[in-house]
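What follows is a single structure, written as structure tokens, with notes after it.
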Amino acid sequence: MSTIQTHAEVQDLLERQSGVLLHSDLEAFWGNRNTSILHDRIQVWIGVGTLRRVCRGVYVGKRFDPWALALRMYPDAVVSTVSVLSRHTLVGTAPGEQVWCVRAGRSREIASGGVAVHAWTQDPALVDLGWDWQGAIRVACPEKAFLDTLFHHQHGRTFPFSVPQDIDVAALSKSILDDLLPRYPNIRFRAFARGVIDDA
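Per numbering that gives the first Met the number 0, the sequence shown starts with residue 0, numbered consecutively.
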């Protein structure tokens, strides 16, 4: 009965944390700071499929919010590129357990099974541009997500669709693009992006 009760409590904790748990969450949950015992308990719940390990100290449940995962791993990140374009149906469907974001810190690519967090570095002034809060998560507007996609495409990043051919550029706000684009300092990038926008 105690195992059943603990399983229910773990599931409740997962639901309250959008399906994402850090090592510190589990440490507080079990009220035990013994590293060995905590590790063994986590391994039990991984073994029965209640938890999945994303990377050291980060776990998700069977169902989780990838955007919440990005927030827990990188509090400075802004969800952008593929994730936002897909959410606004400007491209095809994105892989359901992956998230793309931009951040001022170093680029990170974390993947485990089908779960992945693509956190790509950008100048802080660009990261802090064209986003809104969605709950506790910073999310780029579609136009900023589009420009970020072109920016990282030009820097060699790959996407689960063809850039720019598979993006519905015509559905974006030209006035917002005209406001955002001059803030990108790279002249070559601005010329590239302007060509894509004007051809739409």
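The C-beta atom is built at its ideal place from N, Cα and C for all residues, glycine as well.
Since we're looking at a predicted model, the values are computed, not measured.
Quick check: what's the CA-CA separation for residue i versus residue j?
i	j	result
tryptophan 29	glycine 56	15 Å
lysine 173	phenylalanine 145	12 Å
valine 98	valine 59	14 Å
glutamate 26	alanine 118	26 Å
methionine 0	asparagine 33	Low local confidence applies: a pLDDT of 41 at methionine 0 is under 50, so the model's placement there is unreliable, with the coordinate-based value given in what follows. Those two C-alpha atoms are separated by around 24 Å.
glutamate 218	glutamine 164	The displayed coordinates of the chain run from 0 to 199. Any statement about residue 218 would go beyond what the structure contains.
asparagine 185	glycine 95	33 Å
arginine 15	alanine 190	45 Å
histidine 152	isoleucine 136	24 Å
leucine 179	glycine 112	36 Å
valine 9	aspartate 39	15 Å
glutamine 42	tyrosine 183	46 Å
glycine 134	isoleucine 36	35 Å
serine 82	aspartate 131	14 Å
tyrosine 73	serine 106	11 Å
leucine 238	alanine 7	Past the edges of the chain, shown from 0 to 199, lies residue 238, and the structure says nothing about it.
glycine 194	isoleucine 166	14 Å
leucine 149	threonine 5	47 Å
leucine 84	leucine 171	10 Å
arginine 86	aspartate 147	15 Å
leucine 125	leucine 70	18 Å
serine 23	glutamine 121	29 Å
arginine 187	proline 181	12 Å
So the alpha helix (DSSP H) residue i belongs to, where does it begin and stop?
i	result
aspartate 39	34 to 46
histidine 151	141 to 153
valine 126	123 to 126
valine 195	186 to 198
aspartate 177	173 to 179
Rounded to whole angstroms, how far is the Cβ of residue i from the Cβ of residue j, which I believe are closer than 8 Å?
i	j	result
alanine 192	valine 168	Not a contact, Cβ separation roughly 10 Å.
valine 101	alanine 76	7 Å
isoleucine 196	cysteine 140	At roughly 15 Å, the Cβ-Cβ gap does not stay under 8 Å, so isoleucine 196 and cysteine 140 are not in contact.
lysine 143	glycine 129	3 Å
arginine 52	glycine 18	At roughly 14 Å, the Cβ-Cβ gap does not stay under 8 Å, so arginine 52 and glycine 18 are not in contact.
leucine 12	leucine 20	7 Å
valine 78	tryptophan 66	5 Å
valine 116	leucine 68	6 Å
proline 123	alanine 103	4 Å
Can you name the start and end residues of the beta strand (DSSP E) that residue i belongs to?
i	result
leucine 20	19 to 21
threonine 120	114 to 120
arginine 52	51 to 54
glutamine 133	130 to 133
Can you list the beta strand (DSSP E) stretches of 3 or more residues lying completely in the segment 60 to 109, in chain order? Counting whole runs of 3 or more residues, the segment 60 to 109 contains the beta strand (DSSP E) stretches 97 to 102.
Do three or more CB pairs link the segment 84 to 91 to the segment 150 to 167 at distances below 8 Å? Contact holds between the segment 84 to 91 and the segment 150 to 167, because three or more Cβ pairs, one in each stretch, are under 8 Å apart.
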